[in-house]
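Colleague: Here the UniProt record's numbering is used: the first residue of the sequence shown is 1, the next is one more, and so on. Glycine included, every Cβ here is placed at the ideal spot set by N, Cα and C. Attaching a single structure in structure tokens format; questions to follow.
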Amino acid sequence: MTSAARPNWRRRALYVLGGLAVLALAGAGLRSCRSEPEAPPYRTAQVESGALVQTVSASGVIEALVTVEVGSQISGQIKSITADFNDRVKAGQVLAELDPQTYESRLRLGQADVAAGEAAVRQAEAQAQQARQELSRRKSLAAQGYLSQAALEAVEAQARTSAAALEAAKARVQQSRASLRTTEVDLSRTRIIAPIDGIVVLRAIEPGQTVAASFQAPVLFRIARDFDRVKVKISVDEADIGGVKEGQAVTFSVDAYPDQVFEGIVTQVRKQPVTEQNVVAYTVMAEAANTGGKLLPGMTANADIVIQRREGVLKVPVAALRWTPPPQVQAAPRGPPGTPTRSDFGPAFPGSVAVQKVVGQLGLDPRQKKAWADIQTELRVQATAAAAPGGEAGRKAVAEVVNKSLSQLEARLDERQKTRLKVLRPLAFELGPDPAGFIAGSVYRQTPDGPQPVVVQVGPTDGAMTEVRGPLKAGETLIVGGGPKPKMRVGAD
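This is the structure:
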């Protein structure tokens, strides 16, 4: 080989090696693209042991413990005002005064009427005395035969008339005195008096303003008794009112002090419903200390009423009770347009919700779903008939029918599904809450073999954590989310 040919040979060798390297890298990249992605990790949380506080959240309004509206019982023009907003006043203190001239004139007129009446009484007394004396003389003459009987009777009638006139004059005096007392009361009412000790929170008048009290007493002032304690008017939804009782603790905050928590006690649960936009609520009154006077009337309170507090209980996140492994999603067989398909869930029957809760977690394939639909048809009829007696007897009869139907379904399951059914089967007999308020539920442990279902009894919740009873221990790891996405798999009957 010549010396000129050697470089060409070397260049061709380099080109071949470079091409092989490129092909190798491309193949590795292709295999990397085709490799299955790692399953996303599960989100987990631990079972905890401790206190659980169940609360009802609602909004309310701060009000003074005692509020009195001060009005006017008479009409007139405001002459002077001696109390203003935020003033501390004492019972009996003058807050304002109406122009008294009209009532002073009426008072003088009444006094004159009384004086005139008393003079009329004295005149009537004199006339009556004269009539009695005249009657005495005429009786003496009649006894001696110097006066006829008719004349005597006329004198007697005159005496009775004089006596009646005296009584009428006395009655008119009483009437005038009563009218005078009314005028004196009206005159005293020209001074607006504070009925209680407290703070003026409203002044609704100005000097010179005319007050008309013809039909309804106008509100001139509003006085709140001291703010050492306040009440909270809370509106509780009808769905939550069943657990609210007098004496329960209340915690609340206000927008003015969002980082401070105030405490109070429920003092009253009112029976009268309040309906607004088709939403029914009930009014709950609570009382709280107002340390530092920070709470003012009208403030919005974000309240939590403590329904119950349970110590030393097992509790799990609410998300753990909601999470279930994603079932294999089956593509329904497609037929001509308009072909009806069979529904996995038929009409409800006694215990149907609990049964479907179990069957829905088994991951049935199309043939198993069809078989379950046929089993349900008979189950629905038998369960309805079994529940007819009602009470505990009806519950037991329905449980027997459900157990029989699940056994029929179990014969059509694979080993994995049978294992899951064995664990979840107690859920199928949850036909209602137990006397303590617990209902059946399920959570999933994280194990090397995948999610493992655990049947538990579910109790009160605080919105984030829920009390449970069952084969769990504090510190165990439960799945609360994440995991592989459902895979689409085409199947046919």
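How is Glu246 classed by DSSP in three states: helix, strand or coil?
Modeller: Correct three-state label for Glu246: coil.
Colleague: DSSP three-state label for Ala331, please.
Modeller: Below a pLDDT of 50, predicted positions are generally treated as unreliable, and Ala331, at 33, falls in that range; the measurement from the model is reported next regardless. Three-state DSSP puts Ala331 in a strand.
Colleague: Should the segment 66 to 85 be called in touch with the segment 208 to 223, which here means at least 3 C-beta pairs below 8 Å?
Modeller: Touching, yes, given that three or more Cβ pairs across the two stretches are closer than 8 Å.
Colleague: Is the separation between the beta-carbon of Val267 and that of Ala286 shorter than 8 Å?
Modeller: A quick correction: the sequence has Thr, not Val, at residue 267. The answer is yes: Cβ separation under 8 Å.
Colleague: Would you tell me roughly how many angstroms separate the C-alpha atoms of Lys233 and Ser59, rounded to the nearest one?
Modeller: Near 9 Å, if we compare the C-alpha coordinates of Ser59 and Lys233.
Colleague: For residue 495 versus Leu472, is the C-beta spacing smaller than 8 Å?
Modeller: Because the chain in this structure spans residues 1 to 493, residue 495 falls outside the shown range and cannot be described.
Colleague: Return the CA-CA distance between Ala112 and Ala212, expressed in angstroms with no decimal places.
Modeller: Approximately 28 Å, taken between the alpha carbons.
Colleague: Put Val211 into one of helix, strand or coil per three-state DSSP.
Modeller: Residue state, collapsed to three classes: strand.
Colleague: Using C-beta distances below 7 Å, list every residue in its chain close to Gly338, excluding the 5 sequence neighbours before and after it, in chain order.
Modeller: Below a pLDDT of 50, predicted positions are generally treated as unreliable, and Gly338, at 35, falls in that range; no measurement from the model is reported.
Colleague: Give the single residue among Glu246, Val269, Gly459 and Ser179 whose Cα lies nearest to the Cα of Phe438.
Modeller: Among Glu246, Val269, Gly459 and Ser179, the Cα nearest to that of Phe438 is on Gly459.
Colleague: Classify Gly312: buried if its beta carbon has 16 or more other beta carbons within 10 angstroms, exposed otherwise.
Modeller: Exposed: under 16 other Cβ atoms inside 10 Å.
Colleague: Assess, as a yes-or-no matter, whether the segment 150 to 169 is touched by the segment 123 to 135 under the definition of 3 or more beta carbon pairs within less than 8 Å.
Modeller: Verdict: yes, contact present.
Colleague: Could you name the residues of the same chain whose beta carbon sits closer than 6 Å to that of Arg189, not counting the 5 residues immediately before and after it, in chain order?
Modeller: Around Arg189: Gln73 and Ile74.
Colleague: Assuming Gly117 is part of the beta strand (DSSP E), what are its boundary residues?
Modeller: No beta strand (DSSP E) holds Gly117; the alpha helix (DSSP H) holding it covers Gln101 to Gln144.
Colleague: Buried or exposed, going by whether 16 or more other CB atoms sit within 10 Å of the CB of Leu431?
Modeller: Residue placement at Leu431 cannot be trusted, given a pLDDT of 48 that sits under 50; the coordinates are not used to answer.
Colleague: Which residues in the same chain as Gln54 place their Cβ atom closer than 6 Å to its Cβ, once the five residues preceding and following it in sequence are excluded?
Modeller: Ile307, Gln308, Pro460 and Asp462.
Colleague: Taking Cβ positions, are Val89 and Ile241 nearer each other than 8 Å?
Modeller: No, the Cβ-Cβ distance between Val89 and Ile241 is not below 8 Å.
Colleague: Just the C-alpha distance for Gly475 and Tyr282, rounded to the nearest angstrom, thanks.
Modeller: Spanning the two alpha carbons is a distance of roughly 41 Å.
Colleague: Could you tell me which residues DSSP puts in a beta bridge with Pro453?
Modeller: The partner list for Pro453 (beta bridge, DSSP) reads Tyr444.
Colleague: With a Cβ-Cβ cutoff of 8 Å, do Pro325 and Gly483 count as a contact?
Modeller: Yes, these two residues count as a Cβ contact at 8 Å.
Colleague: CB Val261 to CB Thr275, shorter than 8 Å?
Modeller: No, these two residues do not count as a Cβ contact at 8 Å.
Colleague: Assess, as a yes-or-no matter, whether the segment 439 to 454 is touched by the segment 288 to 295 under the definition of 3 or more beta carbon pairs within less than 8 Å.
Modeller: With a cut-off of 8 Å, the segment 439 to 454 and the segment 288 to 295 do not count as touching, because too few Cβ pairs lie within range.
Colleague: Counting only the same chain and skipping the five closest in sequence on each side, list residues whose C-beta sits under 8 Å from that of Glu206.
Modeller: Cβ within range, chain order: Ile78 and Ile81.
Colleague: Comparing alpha-carbon positions, which option in Leu321, Glu415, Glu118 and Gly145 lies nearest Val364?
Modeller: For clarity, residue 364 is Leu in the given sequence; the question names Val instead. Checked all of Leu321, Glu415, Glu118 and Gly145; the closest Cα to Leu364 is Glu415.
Colleague: With distance defined between alpha-carbon atoms, name the residue in Phe227, Val94 and Ala194 nearest to Ala288.
Modeller: Nearest option by C-alpha distance: Phe227.
Colleague: Helix, strand or coil: which one does DSSP assign to residue 517?
Modeller: Outside the modelled stretch of the chain, which goes from 1 to 493, sits residue 517, for which no answer is possible.
Colleague: Which one of Arg160, Arg177 and Thr183 has the shortest CA to CA distance from Gln101?
Modeller: It is Thr183.
Colleague: With the cut-off set at 8 Å, would you say Leu413 and Leu424 are in Cβ contact?
Modeller: Not in contact: Leu413 and Leu424 (Cβ atoms no closer than 8 Å).
Colleague: Could you tell me the distance, in whole angstroms, from the CA atom of Tyr146 to the CA atom of Ala154?
Modeller: Straight-line Cα distance between these residues: approximately 15 Å.
Colleague: Go to Pro366, then tell me how far its alpha helix (DSSP H) extends in each direction, as first and last residue.
Modeller: First-last of the alpha helix (DSSP H) with Pro366: Pro366 to Ala386.
Colleague: How is Gly360 classed by DSSP in three states: helix, strand or coil?
Modeller: Note: Gly360 maps to coil in three-state DSSP.
Colleague: Can you name the residues that DSSP bridges to Val219?
Modeller: In DSSP, Val219 forms a bridge with Gly71.
Colleague: Beta carbon of Asp84, beta carbon of Arg203: below 8 Å?
Modeller: Yes, they are a contact pair.
Colleague: Could you check what DSSP says for Ala148 in three-state terms: helix, strand or coil?
Modeller: It is worth fixing the name first, because residue 148 is Ser in this sequence and not Ala. In this structure, Ser148 counts as coil in the three-state DSSP scheme.
Colleague: Ordered along the chain, which non-local residues of its own chain (more than five positions away) have a Cβ less than 8 Å from that of Val114?
Modeller: Val173, Ser176, Arg177 and Leu180, listed in sequence order.
Colleague: Report the rounded CA-to-CA distance for Thr161 versus Leu109, giving the unit in angstroms.
Modeller: Approximately 30 Å between the Cα atoms of the pair.
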